[in-house]
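Going letter by letter, the sequence shown gives residues -24 to -1, 1 to 86 in mature numbering (1 follows the signal peptide of the UniProt record, and there is no 0).
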Amino acid sequence: MGNYVIANVLILFLNLSTLLNVLAAPYCPTPSPKPPKHHTPIVKHPVEKPPKHHPPKPSPKPPHVTNPPHYPKPPTVHPPHVPKPPTVHPPYVPKHPPPIVRPPHGPKPP
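Written out as structure tokens, the structure reads:
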């Protein structure tokens, strides 16, 4: 309960001090006029390039080369197909013996 009272008193004190600061501040209806800033305009002069003595020469065009005449491609000759002999695998032998199947456990006969 004591912490609650202390917190409320501190908040009230801060609110009152803020209100006093606002009331004590000077009131200015209009901002004070500032003198206008005058800058000399920046003028960029055009860069004068030296005159060119020789105009650029166009690059010479390479002579036109005609395509060689088209000759048909000779047919590709493949060797005759020889069937592959069948692969013989050894018979399958399981690694582990088969599990023993037991009848389900039921009630004993009387």
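Ideal Cβ positions, reconstructed from N, Cα and C, are used throughout, including at glycine.
Assigned secondary structure, residue i (DSSP; H/G/I helix, E/B strand, else coil)
| i | result |
| --- | --- |
| Val41 | coil |
| Val(-20) | helix |
| Thr16 | coil |
| Thr63 | coil |
| Ser8 | coil |
| Ile76 | coil |
| Ala1 | coil |
| Thr52 | coil |
| Ser35 | coil |
Near the ligand ATP: residue i beta-carbon under 7 Å from a heavy atom
| i | result |
| --- | --- |
| Lys10 | The ligand content of the structure shown is nil, which means the ligand ATP is not present either. |
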